[in-house]
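The numbers in this note's numbering rise by one with no breaks, and the one at position 227 of the sequence shown is 1680. C-beta atoms are modelled at their ideal positions from N, C-alpha and C, and glycine is treated no differently. In this text the structure is predicted, and so the values were computed from the model without any measurement.
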Amino acid sequence: MSEKILAVAAGHEITEQELDNLIRNYPPEQQIYMSDPRAKQQVLEQLIAFHLFYKMAVDEGITESQEYQQLVAKVKVELASHMAATSVVESIQVTEAEEQEYYEQHMEQFQEKAQVRARHILVETREQAENIGKELEQGLDFAEAAKKYSTCPSGEKGGDLGYFTRGQMVPEFEKAAFGGETGKVIGPVETQFGCHLILVEDKKEGFVKPFGQVREQIHQQVIRTRQQAAYDEKVKELEAAYGVERRSEA
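(1) Say whether the segment 1581 to 1596 touches the segment 1610 to 1622, bearing in mind that this needs 3 or more beta-carbon pairs closer than 8 Å, one atom from each stretch.
(2) Rounding to the nearest angstrom, what Cα-Cα distance links L1497 and V1511 in this structure?
(3) Would you check if the distance between the CB atom of I1467 and the CB atom of I1501 is smaller than 8 Å?
(4) For V1623, collect the residues of the same chain with a Cβ closer than 8 Å to its Cβ; drop the 5 residues on either side in sequence, then sort them by chain order.
(5) Based on the DSSP secondary-structure assignment, which residues constitute the bridge partners of V1661?
(6) Could you tell me which residues DSSP puts in a beta bridge with H1573?
(7) Kindly indicate the opening and closing residues of the beta strand (DSSP E) around A1460.
(8) Could you give the C-beta distance for E1573 and H1649, rounded to a whole number, given that I count them as a contact under 8 Å?
(9) How big is the Cα-Cα spacing for Y1521 and Y1695?
(10) In whole angstroms, give me the CA-to-CA distance for K1600 and E1543.
(11) Is it true that the CB of V1667 sits closer than 8 Å to the CB of Y1556?
(12) Our contact map puts F1617 next to Q1568 with C-beta atoms below 8 Å; I'd like the distance itself, whole angstroms only.
(13) Less than 8 Å between C-beta atoms, sequence neighbours within five positions excluded: which residues of the same chain meet that for E1626?
(14) DSSP on T1618, reduced to helix/strand/coil?
(15) Quick check on DSSP: helix, strand or coil for K1656?
(16) Cβ of V1661 within 8 Å of Cβ of E1634?
(17) Give the single residue among R1679, A1571, H1465 whose Cα lies nearest to the Cα of F1506.
Encoded structure:
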């Protein structure tokens, strides 16, 4: 059965297979839209223009020019080199047992740190903080107090700092927040910025992500590492076989 011919441009028969091959070169997210006949038609028009310009290049002698020949020679070298390098690394495989071994030996890479979500009110003096604390005890909402009194930009959001991990806050603040009880006001806590009242809203304990959740990440990491090692080793072999003379630093 002969292939379906979609167009003839400058004598070249453009088949459905040629069009499909071109579409397969598009990024996956763009290929999704190619199910739309209008989008597919646009690609066909591009392919028609491609062959028309090629015929123009032949007729005007562009394909016989020195510049063209140099570019072709350059592309040939790059293509052959790429295909040879790909042949060295494309057969490398990784088993699930090897992925599991990597996971067990590098668990620190998959550690989710403990987190705290807190609000705070920042003022200049301990006395101010203590007075605000009394208002909170009398029923003033913490978020409203932050909007009213806090000098920190977070005051506009009711003092909300979102979730944070150890090392993101100054030591005094961090110690109080991670050590404090959820739902209770902590402070005043003095830091280099002033005095804080802190309300811990939530805590998330640290944990190691399960193997199933990170397996694909591990697979890609191990594959890349092994491919790079195989590539480097092959370069050494080729240097020994064909010779390399380095005359100066790049």
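According to the data block:
(1) yes
(2) 21 Å
(3) yes
(4) T1644, Q1645, F1646
(5) Q1564
(6) I1651
(7) 1458 to 1462
(8) Per the sequence shown, the amino acid found at residue 1573 is His instead of Glu. The Cβ separation is near 5 Å, so the contact holds.
(9) 29 Å
(10) 59 Å
(11) yes
(12) 7 Å
(13) The sequence given here has Phe at residue 1626, not Glu. Contacts found: H1573, V1642, T1644, H1649, I1651.
(14) strand
(15) strand
(16) no
(17) H1465
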